[in-house]
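**Student:** Protein chains in written order, with our numbering: chain A, 1 to 622; chain B, 623 to 936.
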């Protein structure tokens, strides 16, 4: 009767073994490590690099406790943080001889100290959230309208080229809001243009209109093109952010899409938030445009422009030196055409300079523009958060071919390398804004872990003492079941690598506090059966059986609340919900199946059972 | 050990009206405070910047306040957090302000002399806060619908309605406490409130299960008697379970530090009122909604011979 078939016992033992195995890595703690990863797509990590790292460490007299080669990174473990810091510098010097042109990111990290065989079965410690390990969390909102406007501007430039190539005379192409308006003198040209545009620009939807003597074509983006642009803008921004963050040297950055237009960035261990924010928040895009030299040379026009009335088709900007400049709106080149940017020095003047490399299309456009505009000035603009700044406005002396461009003048070395970093990291497809930030210091993280752990521990002890005092052996069984619940929960969290946060730890505590309910239900039922005169064996069987329906119902209602939190929760609530839901599932198993298995092992073998140790059973008549 | 030696069923239902009037008064008070005082929402909902810094020595709050005001931060809140050396600064959201506020505040604090260490920064933009509030409301709605549907399916619609009314009244009372004391209502508190909702319903379920069982098992009892019996036979379990959960929550209150303080507080109120409402509010409601034996006992012929009469096997 009170015996489990072999398969049920086997399941319990297997589950507990699994729980133990996957909980194990959490006890080994973490050791300091230096993590090396490649930041250039062309450079792969290989064993030669590993050898170089080991050599550099040996030369510096530093003894690593382990070197691990993984697909995307090489991790070197050290005994203490002191060695770790020294090793970082040694490795940095050895593999990145030129800091301005680093190929690898060398970051400080913490890695699990658990033995290799555990790691090989994917038994890892729980993944701690930023509030427990310290670090920065950003939520960035991508300005999709900006992405669309930018795309339309580029399309406008393409249309101008197209009209020129086809020999179609037009009366100007302007962008008004989310539309491009192309004016023509007659209907015939407009019809030809319409066909040409429809052939070449499948993304555009064309509507004809007439206004006085103007024959107009109104072009707007098709909905699917709209969607595609937004998706690719988000993707490009993520890539760009990833590149920029690589340059920051963060061990395990998280860069993820959230919703349609948001990006989450998490940088564990980063303390210098100002720098991180600066790099992330800068939505610098590079634009090369022509300077309207005539207008700029005229003081009256310049003053009018400074007061917000620039000549049509131009914009007013201030140069770094403070002088005003009138720049044409038409963009010659954007940062998209840029393949590389390096800080360096001008070979003649020895001034700090930024060397740009353009892709083939960019190089061709640049060559054409420079050839046609020798003697004129071109402005290189850095657009940050919608505000442009003229980095420099050099005079074009000769045709520049080959796609190699140098920007110099009025820059410090730091500025040059900052500009280079920004440009190299790629331009953002659309501007972004930080809409949420969380920074947690490392000491606070450790403090949070300790507080969470202590609450759970003392709460657990209190419950254990009470249960054993009140239900004696059955109380002990309940406590063991509760321990199994904790074990399974931690194992699941470790296996799934779900992010554990402080609310998550609170959820562990709360789940344990609630899980004991099932055992109380069972124990009270057994007592009740005994009170009604059932034999011990019958009481155990009936107690478990009758309590089961109630346990199921009550856990499902709790689970509904947990799931709602999981679906709608974000940030801390989500961390809570994940643990809460998993905890409910493990608690059903452990409080019913595990505790029953234990009871069966204890009492199941005895045929004649006179009494069971479940505390005093008081009968009304006695 | 046996705490509860109850000889007869306690006539809870005789006082049902009293219990419900007490609930109604607490409920109305809670609504009143919510309406007049409102919730003190954390920056997660309102948007704004929160900075926690740690000083070497006891921090001089007045000096910090003065300095921040002089530097153009209006309406900032400067309070101690956890200890006298830790300071929490809240800067409300202003149009056009971005995530840079925290750096400016830090610069102001550094300018005062002994530079504190930055422990935590939270910045929430206006669009996020609004969404969080909406998501919170949606989560609550989903919980309510989910629970009502499940209980209506498993029991009877009367139970579902009674349980959800009783437990929503819990939620309102927790919120009432937060409004009355102006405790900070943050995301973890919201999580606690929803968890309590699930937990309290769970409590009602245990009682309802017994009500159903008693209806099937014992004949000749009136509805109030059945409910009295069900409550009496589950009361020891109710109190022990809640006691155990409360032990854990108390441990969180003691050891959890300021970060978990309000979370644990919300749970405490929820657990205490949960016992009361799920037992003494939900049950009378079920009674008044007209629950009766016929809703559970099917005609005899449908019961195959040999089936258990207690109906516990489902």
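Beta carbons: idealized from backbone N, C-alpha and C, even for Gly. Keep in mind that this is a model prediction, so the values were computed, not measured.
Could you tell me which of B/808, B/800, B/812, B/909 sits nearest to residue 852 of chain B, measuring between CA atoms?
**Tutor:** For the purposes of this step, residue 852 of chain B is identified with residue 230 of the second chain, where counting begins at 1. Comparing alpha-carbon positions, the option among B/808, B/800, B/812, B/909 lying closest to residue 852 of chain B turns out to be B/909.
**Student:** Please state the DSSP three-state secondary structure of residue 319 of chain A.
**Tutor:** Stepping through the first chain from its first residue, residue 319 of chain A is reached at position 319. Correct three-state label for residue 319 of chain A: strand.
**Student:** Quick one: is residue 6 of chain A buried, meaning 16 or more other Cβ sit within 10 Å of its Cβ, or exposed?
**Tutor:** For the purposes of this step, residue 6 of chain A is taken as the residue at position 6 of the first chain. By the 10 Å Cβ count, residue 6 of chain A comes out exposed.
**Student:** Just to confirm, is the Cβ distance from residue 108 of chain A to residue 31 of chain A under 8 Å?
**Tutor:** Against the first chain, residue 108 of chain A aligns to sequence position 108. Against the first chain, residue 31 of chain A aligns to sequence position 31. No, they are not a contact pair.
**Student:** What residues match up with residue 390 of chain A in a beta bridge as DSSP calls it?
**Tutor:** Along the first chain, one-based indexing puts residue 390 of chain A at 390. BP columns for residue 390 of chain A point to A/319, A/381.
**Student:** So, is the C-beta of residue 741 of chain B closer than 8 Å to a C-beta in chain A?
**Tutor:** Here residue 741 of chain B refers to the residue found at position 119 of the second chain. The C-beta of residue 741 of chain B comes closer than 8 Å to at least one C-beta of chain A.
**Student:** At the level of alpha carbons, what is the spacing between residue 135 of chain A and residue 254 of chain A?
**Tutor:** Counting from one through the first chain, the residue named residue 135 of chain A turns up at place 135. Counting from one through the first chain, the residue named residue 254 of chain A turns up at place 254. Looking at the two C-alpha atoms, the distance is approximately 11 Å.
**Student:** Could you compute how far the alpha carbon of residue 541 of chain A sits from the alpha carbon of residue 8 of chain A?
**Tutor:** Taking the first residue of the first chain as 1, we reach residue 541 of chain A at position 541. Taking the first residue of the first chain as 1, we reach residue 8 of chain A at position 8. It is roughly 16 Å from the alpha-carbon of residue 541 of chain A to the alpha-carbon of residue 8 of chain A.
**Student:** With a threshold of 16 other CB atoms inside 10 Å of the CB of residue 579 of chain A, please say whether the residue is buried or exposed.
**Tutor:** The sequence position of residue 579 of chain A within the first chain is 579, counting from 1. Flag for residue 579 of chain A reads buried.
**Student:** Against chain B, which members of the region 514-527 of chain A pass a CB distance test of less than 7 Å?
**Tutor:** Cβ proximity to chain B below 7 Å picks out 514, 516, 517, 520, 521, 524 from the region 514-527 of chain A.
**Student:** Any contact of the region 779-798 of chain B with the region 892-908 of chain B, i.e. 3+ C-beta pairs under 8 Å?
**Tutor:** yes
**Student:** Determine contact between the region 737-750 of chain B and the region 767-780 of chain B, defined as no fewer than three beta-carbon pairs at a distance below 8 Å.
**Tutor:** no
**Student:** As a quick exercise: from A/68, A/86, A/81, A/38, pick the residue whose alpha carbon is nearest that of residue 58 of chain A.
**Tutor:** Within the first chain, the letter at position 58 stands for residue 58 of chain A. For residue 58 of chain A, the nearest C-alpha among the options comes from A/86.
**Student:** How would you label residue 88 of chain A, buried or exposed, when you count the other beta carbons within 10 angstroms and need 16 or more for buried?
**Tutor:** What you label residue 88 of chain A is simply residue 88 of the first chain in a count that begins at 1. When all chains shown are included, residue 88 of chain A counts as buried.
**Student:** Should residue 607 of chain A go down as buried or exposed, given a rule of 16 or more other Cβ atoms within 10 Å for buried?
**Tutor:** The count along the first chain starts at 1 and reaches residue 607 of chain A at position 607. Exposed: under 16 other Cβ atoms inside 10 Å.
**Student:** With a 10 Å radius around its C-beta and 16 neighbouring C-beta atoms as the bar for buried, classify residue 164 of chain A as buried or exposed.
**Tutor:** Mapped onto the first chain, residue 164 of chain A falls at position 164. Looking at its Cβ environment, which holds fewer than 16 other Cβ atoms inside 10 Å, residue 164 of chain A is exposed.
**Student:** What residues from chain A crowd round residue 867 of chain B, counting only those whose CB sits closer than 8 Å?
**Tutor:** Counting from 1 along the second chain, the entry for residue 867 of chain B is found at position 245. Near residue 867 of chain B (Cβ distances below 8 Å), the residues of chain A are 510, 513, 514, 516, 517.
**Student:** Whose C-alpha, out of B/667, B/840, B/817, B/873, is nearest the C-alpha of residue 559 of chain A?
**Tutor:** Here residue 559 of chain A corresponds to residue number 559 of the first chain, with the count starting at 1. Among B/667, B/840, B/817, B/873, the Cα nearest to that of residue 559 of chain A belongs to B/817.
**Student:** If you drop the 5 nearest sequence neighbours on each side, which residues of the same chain put their C-beta closer than 6 Å to that of residue 812 of chain B?
**Tutor:** If you number the second chain from 1, residue 812 of chain B lands on position 190. Contacts found: 758.
**Student:** Does the distance from the CB of residue 326 of chain A to the CB of residue 334 of chain A come in under 8 Å?
**Tutor:** As a working note, residue 326 of chain A is residue 326 in the first chain. As a working note, residue 334 of chain A is residue 334 in the first chain. No. Outside cutoff.
**Student:** Decide yes or no for the touch test of the region 249-267 of chain A against the region 125-139 of chain A: beta carbon pairs closer than 8 Å, at least 3 of them.
**Tutor:** yes
**Student:** Ends of the beta strand (DSSP E) at residue 109 of chain A?
**Tutor:** Indexing the first chain from 1 puts residue 109 of chain A at position 109. It spans 104-112 - the beta strand (DSSP E) in which residue 109 of chain A sits, taken as one unbroken run.
**Student:** Is the CB of residue 850 of chain B under 8 Å away from at least one CB in chain A?
**Tutor:** Mapped onto the second chain, residue 850 of chain B falls at position 228. Not one chain A Cβ lies under 8 Å of residue 850 of chain B.
**Student:** Which of the three DSSP states is assigned to residue 673 of chain B in this structure?
**Tutor:** Residue 673 of chain B sits at position 51 when you count from the first residue of the second chain. In the structure shown, residue 673 of chain B sits in a strand (DSSP, three-state: E or B).
**Student:** Pair every Cβ in the region 795-808 of chain B with every Cβ in the region 547-565 of chain A, then say whether three or more of these pairs are closer than 8 Å.
**Tutor:** no
**Student:** What separation, rounded to the nearest whole angstrom, lies between the Cα atoms of residue 131 of chain A and residue 76 of chain A?
**Tutor:** As a first step, residue 131 of chain A must be located in the first chain, where it is residue number 131. As a first step, residue 76 of chain A must be located in the first chain, where it is residue number 76. Going from the Cα of residue 131 of chain A to the Cα of residue 76 of chain A covers about 25 Å.
**Student:** Taking Cβ-Cβ distances shorter than 8 Å, what residues in chain A pair up with residue 749 of chain B?
**Tutor:** Here the question's residue 749 of chain B lines up with position 127 in the second chain. Neighbours of residue 749 of chain B on chain A, chain order: 141, 435.
**Student:** Check whether the Cβ of residue 862 of chain B lies closer than 8 Å to any Cβ atom in chain A.
**Tutor:** As a working mapping, residue 862 of chain B is identified with position 240 in the second chain. It does: the Cβ of residue 862 of chain B has a partner Cβ on chain A nearer than 8 Å.
**Student:** Going by C-alpha to C-alpha distance, which of B/702, B/696, B/726 sits closest to residue 714 of chain B?
**Tutor:** As a working mapping, residue 714 of chain B is identified with position 92 in the second chain. It is B/696 whose Cα lies nearest to the Cα of residue 714 of chain B.
**Student:** Could you spell out where the beta strand (DSSP E) holding residue 76 of chain A opens and where it closes?
**Tutor:** Here residue 76 of chain A is taken as the residue at index 76 of the first chain, counted from 1. First-last of the beta strand (DSSP E) with residue 76 of chain A: 74-77.
**Student:** Distance check for residue 520 of chain A and residue 641 of chain B, CA to CA, integer angstroms please.
**Tutor:** Sequence index remark: in the second chain, residue 641 of chain B carries index 19 (1-based). Sequence index remark: in the first chain, residue 520 of chain A carries index 520 (1-based). Residue 641 of chain B and residue 520 of chain A: Cα-Cα distance of roughly 27 Å.
**Student:** For residue 440 of chain A, return the contacting residues in chain B, with the cut-off set at a CB-CB distance below 7 Å.
**Tutor:** As a working mapping, residue 440 of chain A is identified with position 440 in the first chain. Per Cβ cutoff of 7 Å: 742.
**Student:** Rounded to whole angstroms, what is the Cα-Cα separation between residue 351 of chain A and residue 414 of chain A?
**Tutor:** Here residue 351 of chain A refers to the residue found at position 351 of the first chain. Here residue 414 of chain A refers to the residue found at position 414 of the first chain. In this model, residue 351 of chain A and residue 414 of chain A are separated by some 12 Å (Cα to Cα).
**Student:** Between residue 627 of chain A and residue 223 of chain A, is the Cβ-Cβ spacing less than 8 Å?
**Tutor:** Lying outside 1 to 622, the shown extent of chain A, residue 627 of chain A is not represented and no answer is given.
**Student:** By the DSSP assignment, the beta strand (DSSP E) with residue 634 of chain B in it spans what residues?
**Tutor:** As a working note, residue 634 of chain B is residue 12 in the second chain. No beta strand (DSSP E) holds residue 634 of chain B; DSSP gives it neither H nor E.
**Student:** If we cut at 8 Å on Cβ distances, does residue 448 of chain A have a partner in chain B?
**Tutor:** For the purposes of this step, residue 448 of chain A is identified with residue 448 of the first chain, where counting begins at 1. It does; some Cβ of chain B falls within 8 Å.
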